[in-house]
Amino acid sequence: GKILCLAGPPGTGKTSIAKSIAEALGRKFYRFSVGGLSDVSEIKGHRRTYVGAMPGKLIQCLKTTGTTNPLVLIDEIDKLGRDHRSDPASALLEVLDPSQNSSFRDHFLDVPVDVSKVLFMCTANDLSRIPGPLIDRMEVIQLSGYDVPEKIAIADQYLVPKSMRENGLMVEVKREEEEDTDNGEEKKDEEVELEKSKKVESFMSEYSLGEDVPKTLTIARSAIENLVRWYCREAGVRNLYKHIDKITRKLALQIVAEKEGATLTDKSARKSDTWEITDENLSEYVGKPIFTSDRLYETDPLPNGIVMGLAWTSMGGSALYIETQGIKRSLDSEGKRRGGGNLKVTGQLGDVMKESTQIAYTVARARMEGLDSTNSFFDDFDVHMHVPEGATPKDGPSAGVTMITAMLSLALDKPIRNDLAMTGEVSLTGKVLAIGGVKEKTMAARRAGIKCIIFPSANKRDFDEIPDYLKEGLEVHYAEDYSTVYEVAFG
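First residue of the sequence shown? That's 242 in this note's numbering, and the numbers climb one at a time after it.
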């Protein structure tokens with residue numbers, strides 16, 4: 242009956258979840274990707290009059306699985322193609338409608354086929370690219386990115402053993418099944434939970450190192466923590482797995498070279514005397530860290546006109562500085578100031594963010610009038626606003642409050658403390674509106690050593706839902722109007 246759509250960043254396990262659901266339900270699993278698909282015939286089949294005609298993916302799925310109720314995963318549904326001849330998204334409307342798909346008619350078969358027993362699941366990265374009528378037929382489940390403890394646990398329990406098995410460093414240990422000596426007595430709930438936790442802990446113990454592999458070979462937790470923090474900051478774990486795989490491949494090469502007495506190049510040769518990979522010798526295997534620091538400015542307070550905001554990107558959350566600088570206007574031939582109230586913005590900002598800068602400038606000037614009517618900064622100076630890392634495209638309205646605070650800090654000549662970060666869209670009257678990605682932004686703030694965060698009051702429910710260990714040690718303020726942000730930042 243229900244069509245589920247798992248939406249989230251790449252590498253967060255959407256396809257794996259669908260496979261696990263099929264296994265749990267005891268159904269056959271069939272996956273097909275519709276990314277870049279622009280031909281309706283791939284879904285509804287070709288008419289038999291054409292040479293090389295064949296049925297659509299749905300009929301092929303029923304034929305391959307040999308059952309009427311498989312779990313069908315339609316992958317990358319947000320990347321459906323479209324051309325002047327056909328629109329596959331419209332063809333999927335019939336397939337994904339529980340009230341219509343009991344008599345689905347494939348062009349090749351040309352007879353009604355009942356696909357109402359099929360459990361459909363879809364995956365997507367960006368819901369905004371899915372047509373409205375199509376998303377209306379689906380029940381959307383949002384998957385957020387993994388935080389640092391979650392990534393470390395996944396690497397420890399799954400990615401490291403998997404990579405070691407695939408590269409021949411670990412082999413499966415065959416064990417005889419232990420006989421049940423409970424004499425029919427039911428186990429207590431505590432014992433069942435204890436057994437479950439032991440199974441997770443002994444995941445590694447089901448496999449042992451190969452015969453020629455040194456017994457001291459391990460990837461330490463400190464190395465995995467460093468990988469997560471300084472190499473793999475994206476929302477998913479795909480890149481983390483690539484780095485772990487790189488380590489295990491190089492280890493396998495070194496073991497074989499030492500056994501065969503072969504000489505390796507300086508880049509591949511083992512430089513340390515130990516087989517344990519720690520944070521100290523990690524760079525020998527994966528190179529220098531990609532990310533070096535979370536902060537652009539270490540001084541406290543920050544220089545005037547600079548404020549830290551929080552952004553949500555495909556990598557998860559990140560700290561984003563807003564920089565402003567005043568440019569004194571020159572005098573014309575009559576001795577009067579040239580121009581009036583100009584704002585220049587740089588940093589490869591998108592259209593929405595550019596509009597946000599204009600709103601922020603207007604609100605800042607209006608607030609300045611109320612705070613100090615004698616201050617003529619905005620009349621005497623043009624303002625240049627820049628968002629660092631100019632090669633990275635940026636967009637979205639959530640930096641509104643940060644931009645206003647940066648401009649007021651410049652105009653009032655008051656610095657902002659360096660452990661404060663803020664996020665929130667702002668309206669022309671100074672209302673602070675809700676934003677997205679609260680969990681990711683909180684994680685980014687913790688990573689940058691932030692102690693105080695300002696969120697819009699509409700996001701209080703989102704912040705309450707995130708795990709307690711992410712909230713620990715944070716001072717959080719909720720703003721409904723910009724005046725609250727001003728009190729926290731300058732008060």
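Quick reminder that beta carbons are idealized off the backbone N, C-alpha and C, glycines included.
Give the range of the beta strand (DSSP E) segment to which residue 362 is assigned.
Translated into the one-based positions of the sequence shown, residue 362 becomes position 121. Taken as a continuous stretch (DSSP letters only), the beta strand (DSSP E) holding residue 362 covers 360–365.
So, helix, strand or coil for residue 693, using DSSP?
The count along the sequence shown starts at 1 and reaches residue 693 at position 452. The answer is strand: DSSP assigns residue 693 an E or B state.
Taking the alpha-carbon positions, what's the residue 419 to residue 447 distance?
Residue mapping note: residue 419 aligns to position 178 of the sequence shown, counting from 1. Residue mapping note: residue 447 aligns to position 206 of the sequence shown, counting from 1. Because the pLDDT at residue 419 is just 45, under 50, the model does not fix this residue reliably, and the value given afterwards should be weighed accordingly. Cα to Cα, the separation comes out at about 14 Å.
Going by C-alpha distance, which of 291, 303, 681 is nearest residue 550?
The residue labelled residue 550 in the question sits at position 309 within the sequence shown. It is 681.
What number of angstroms, rounded off, separates the C-alpha of residue 413 from the C-alpha of residue 546?
Counting from one through the sequence shown, the residue named residue 413 turns up at place 172. Counting from one through the sequence shown, the residue named residue 546 turns up at place 305. Residue 413 and residue 546 have their C-alpha atoms roughly 60 Å apart.
Report the start-end ranges of each alpha helix (DSSP H) in the stretch 639–691 that is 4 residues or longer and not cut off at the edges.
641–653, 679–688
Could you pull the start and end residues of the beta strand (DSSP E) that residue 272 belongs to?
Here residue 272 refers to the residue found at position 31 of the sequence shown. Looking at the DSSP string, the run of the beta strand (DSSP E) that includes residue 272 is 270–274.
Write down the C-beta distance between residue 252 and residue 480 rounded to the nearest angstrom, noting that I regard them as a contact closer than 8 Å.
Here residue 252 refers to the residue found at position 11 of the sequence shown. Here residue 480 refers to the residue found at position 239 of the sequence shown. About 7 Å separates the two Cβ atoms, so the contact holds.
Taking C-beta to C-beta, are residue 450 and residue 410 nearer than 8 Å?
As a first step, residue 450 is located in the sequence shown; it is residue number 209 there, counting from the start. As a first step, residue 410 is located in the sequence shown; it is residue number 169 there, counting from the start. Contact flag set, yes.
Using DSSP's beta-bridge definition, name the partner residues of residue 383.
What you label residue 383 is simply residue 142 of the sequence shown in a count that begins at 1. DSSP output for residue 383 lists 248 as bridge partner(s).
Are the stretch 502–513 and the stretch 555–566 touching, with three or more C-beta to C-beta distances below 8 Å?
Here the stretch 502–513 does not lie against the stretch 555–566, with fewer than 3 beta-carbon pairs under 8 Å apart.
Do you know offhand how far residue 296's Cα is from residue 283's?
Here residue 296 corresponds to residue number 55 of the sequence shown, with the count starting at 1. Here residue 283 corresponds to residue number 42 of the sequence shown, with the count starting at 1. For residue 296 and residue 283, the distance between alpha carbons rounds to 8 Å.
Alpha carbon to alpha carbon, what distance is there between residue 256 and residue 540?
Residue numbering aside, residue 540 sits at position 299 when the sequence shown is read from its first letter. Residue numbering aside, residue 256 sits at position 15 when the sequence shown is read from its first letter. Rounded to the nearest whole angstrom, the CA to CA distance from residue 540 to residue 256 is 45 Å.
Use the C-beta contact count for residue 642: other C-beta atoms within 10 angstroms, 16 or more gives buried, fewer gives exposed.
The residue given as residue 642 occupies position 401 in the sequence shown. Buried: at least 16 other Cβ atoms inside 10 Å.
Look at the Cβ atom of residue 382, then the Cβ atom of residue 246, and state whether they are nearer than 8 Å.
As a working note, residue 382 is residue 141 in the sequence shown. As a working note, residue 246 is residue 5 in the sequence shown. Closer than 8 Å, so yes.
Please determine, among 720, 716, 656, the residue with the shortest C-alpha to C-alpha distance to residue 667.
Taking the sequence shown and counting its residues from 1, the one referred to as residue 667 is at position 426. Ranking 720, 716, 656 by Cα distance to residue 667 puts 720 first.
Quickly, what does DSSP pair residue 192 with across the bridge? List them, please.
Outside the shown range of the chain, which is 242 to 732, sits residue 192, and nothing can be said about it.
Pick from 640, 569, 351, 399: whose alpha carbon is nearest that of residue 628?
The residue labelled residue 628 in the question sits at position 387 within the sequence shown. Ranking the options by Cα distance to residue 628, first place goes to 640.
Any idea if residue 287 is buried or exposed, counting beta-carbon neighbours within 10 angstroms, 16 or more meaning buried?
Taking the sequence shown and counting its residues from 1, the one referred to as residue 287 is at position 46. With 16 or more Cβ atoms within 10 Å of its Cβ, residue 287 is classed as buried.
What residue range does the alpha helix (DSSP H) around residue 373 cover?
On the sequence shown, residue 373 is found 132 positions in, with the first residue counted as 1. Start and end: 373–377.
If we ignore side chains and look at the alpha-carbon of each, how far apart do residue 309 and residue 355 end up?
As a first step, residue 309 must be located in the sequence shown, where it is residue number 68. As a first step, residue 355 must be located in the sequence shown, where it is residue number 114. Whole-angstrom Cα-Cα distance: 8 Å.
Which one or two residues does DSSP pair with residue 563 in a beta bridge?
Residue numbering aside, residue 563 sits at position 322 when the sequence shown is read from its first letter. Residue 563 is bridged to 548.
Enumerate in chain order the residues of its own chain whose CB-to-CB distance from residue 512 is below 8 Å, with the five nearest sequence positions on each side excluded.
Mapped onto the sequence shown, residue 512 falls at position 271. For residue 512, where only same-chain residues beyond five positions count, the Cβ hits under 8 Å are 522, 525.
So, with DSSP's three-state summary, where would you put residue 557?
Stepping through the sequence shown from its first residue, residue 557 is reached at position 316. If DSSP states are grouped into helix, strand and coil, residue 557 belongs with the strands.
Given 8 Å as the limit, is there contact between the stretch 689–703 and the stretch 652–668, that is, 3 or more CB pairs closer than that?
yes
What's the gap between the Cα of residue 482 and the Cα of residue 582?
Within the sequence shown, numbered from 1, the residue matching residue 482 stands at position 241. Within the sequence shown, numbered from 1, the residue matching residue 582 stands at position 341. Between residue 482 and residue 582, the C-alpha separation is close to 51 Å.
Hey, could you find the ends of the alpha helix (DSSP H) residue 498 is sitting in?
Position 257 of the sequence shown, counted from the start, is the residue given in the question as residue 498. For residue 498, the uninterrupted alpha helix (DSSP H) segment begins and ends at 479–501.
Does residue 476 pass the burial test, meaning 16 or more other C-beta atoms within 10 Å, or should it be called exposed?
Stepping through the sequence shown from its first residue, residue 476 is reached at position 235. Looking at its Cβ environment, which holds 16 or more other Cβ atoms inside 10 Å, residue 476 is buried.
Check the Cβ-Cβ distances between residue 528 and every residue of chain C, and say whether any is below 8 Å.
As a matter of chain content, chain C is missing from the structure shown, which is built from one protein chain.
Pick helix, strand or coil for residue 602, following the three-state DSSP scheme.
Against the sequence shown, residue 602 aligns to sequence position 361. Three-state DSSP puts residue 602 in a helix.
Roughly how many angstroms lie between the CA atoms of residue 601 and residue 726, to the nearest whole one?
For the purposes of this step, residue 601 is taken as residue 360 along the sequence shown, with counting starting at 1. For the purposes of this step, residue 726 is taken as residue 485 along the sequence shown, with counting starting at 1. Going by the C-alpha atoms only, they are around 13 Å apart.
Taking the alpha helix (DSSP H) that residue 710 falls in, what are its first and last residues?
Residue 710 sits at position 469 when you count from the first residue of the sequence shown. Counting along the chain, the alpha helix (DSSP H) containing residue 710 begins and ends at 709–712.
Going by Cα to Cα distance, which pick from 586, 278, 470 is closest to residue 635?
Here residue 635 is taken as the residue at index 394 of the sequence shown, counted from 1. The shortest C-alpha to C-alpha distance from residue 635 to any of 586, 278, 470 is the one to 586.
With a 10 Å radius around its C-beta and 16 neighbouring C-beta atoms as the bar for buried, classify residue 531 as buried or exposed.
To locate residue 531, count along the sequence shown from 1; it is residue 290. Label assigned to residue 531: exposed.
Restricting to Cα atoms, I'd like to know which of 341, 544, 654, 364 is closest to residue 353.
On the sequence shown, position 112 is the one that residue 353 refers to. Checking every option, the nearest Cα to that of residue 353 belongs to 341.
First and last residue of the alpha helix (DSSP H) that includes residue 619?
What you label residue 619 is simply residue 378 of the sequence shown in a count that begins at 1. Element bounds for residue 619: 618–621.
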